[in-house]
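**Q** To start, I am sharing the structure in question, which I have written as structure tokens.
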Amino acid sequence: MKIMSLIGAASIAVLSTTAGVSAQDCNAAGTVGTGGSAAAGATSASSVGTAGVCQTDEGTTSSVGSGGSAATTNGKAMSKTHVNDNGDKLRSQTKAQAVDKGTFSKSRTKTSTDGDSLQSTTRTMSHEPGQKPVKNTTEQKIILPQQ
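Note that the working numbering has the sequence shown beginning at 47, numbered continuously upward.
Listed below in structure tokens is the structure:
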């Protein structure tokens, strides 16, 4: 009988600037989000990110959120999320990866907003020895109208 152990990692972070505002109060608003998963052999990794902006006469409200997870039965799994707040610019990045010998899966999501535009990109990749890597990129970008 083979005993299998599941090794996993997960991370999540959310950051918002200023107080919440009702959507009806926004002169311009937008949201973006991307996510993806990769799996190969006994490994898997997923990540997701989202951002939102609301512009009012009093200012701009922004938020970003990101998270991810990775799992494998016998190898190593890691997931980490970082959020950066630089004035009106919010950025988040999540990396998730699972490795089992030469087989691996990884996913990375970067999400950002500067108050006038929002962007989210997710890249995934999985690989098994002797085969071509499987890659995918999902991207979404919105530029809000000028007031």
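Backbone N, C-alpha and C fix where the C-beta goes; we use that ideal spot for every residue, glycine too.
1. Output the distance between the C-alpha atoms of S109 and G95, rounded to the nearest integer angstrom.
2. What is the rounded straight-line gap between the Cα of A20 and the Cα of T183?
3. Leaving out the 5 sequence neighbours to the left and right, which residues in its chain are closer than 6 angstroms to S163 when beta-carbon positions are compared?
4. Taking D131 as the reference, give the member of S93, M124 and Q139 with the closest Cα.
5. Assuming T149 and H173 are in contact, meaning their beta carbons sit under 8 angstroms apart, how far apart are those beta carbons, in whole angstroms?
6. Pull up the distance between the alpha-carbon of S93 and that of K141, whole angstroms please.
7. Between C100 and A75, how many whole angstroms is the CB-CB distance? I'm expecting something under 8 angstroms.
8. Ignoring anything shorter than 3 residues, give me the beta strand (DSSP E) runs that lie fully in the region 115-190, in order along the chain.
9. Start and end of the beta strand (DSSP E) containing A85?
10. Given this structure, state the Cα-to-Cα distance separating A123 from D160, to the nearest angstrom.
11. Kindly indicate which residue of T102, T127 and G111 has the alpha-carbon position closest to the one of Q208.
12. Shortest alpha-carbon distance to T80 belongs to which of Q186, K152 and G98?
13. What first and last residue would you give for the beta strand (DSSP E) that runs through Q101?
14. Rounded to whole angstroms, what is the Cα-Cα separation between G133 and K181?
**A** Well, looking at it:
1. Start at 1 with the first residue of the sequence shown, and residue 109 comes out as number 63. Start at 1 with the first residue of the sequence shown, and residue 95 comes out as number 49. Their backbone Cα atoms lie some 11 angstroms apart in a straight line.
2. Nothing can be reported for residue 20: it is not among the residues displayed for the chain, which extend from 47 to 193.
3. Here residue 163 refers to the residue found at position 117 when the sequence shown is read from its first residue. The residues are I189.
4. Position 85 of the sequence shown, counted from the start, is the residue given in the question as residue 131. Checking every option, the nearest Cα to that of D131 belongs to Q139.
5. Counting from 1 along the sequence shown, the entry for residue 149 is found at position 103. Counting from 1 along the sequence shown, the entry for residue 173 is found at position 127. The pair is a contact, with the Cβ atoms about 7 angstroms apart (cut-off 8 angstroms).
6. Counting from 1 along the sequence shown, the entry for residue 93 is found at position 47. Counting from 1 along the sequence shown, the entry for residue 141 is found at position 95. Going by the C-alpha atoms only, they are around 7 angstroms apart.
7. If you number the sequence shown from 1, residue 100 lands on position 54. If you number the sequence shown from 1, residue 75 lands on position 29. Yes, they are in contact, since the Cβ atoms of C100 and A75 sit about 5 angstroms apart, within 8 angstroms.
8. 122-132, 135-146, 149-159, 163-173 and 180-189
9. In the sequence shown, the residue the question calls residue 85 occupies position 39. It spans A74 to A86 - the beta strand (DSSP E) in which A85 sits, taken as one unbroken run.
10. Here residue 123 refers to the residue found at position 77 of the sequence shown. Here residue 160 refers to the residue found at position 114 of the sequence shown. Taking the straight line joining both Cα atoms gives about 32 angstroms.
11. In this structure the chain extends from 47 to 193, so residue 208 is not present and cannot be described.
12. Counting from 1 along the sequence shown, the entry for residue 80 is found at position 34. Ranked by Cα distance from T80, the options Q186, K152 and G98 are led by Q186.
13. As a working note, residue 101 is residue 55 in the sequence shown. It spans T89 to T102 - the beta strand (DSSP E) in which Q101 sits, taken as one unbroken run.
14. As a first step, residue 133 is located in the sequence shown; it is residue number 87 there, counting from the start. As a first step, residue 181 is located in the sequence shown; it is residue number 135 there, counting from the start. In this structure, the alpha-carbon of G133 lies about 34 angstroms from that of K181.
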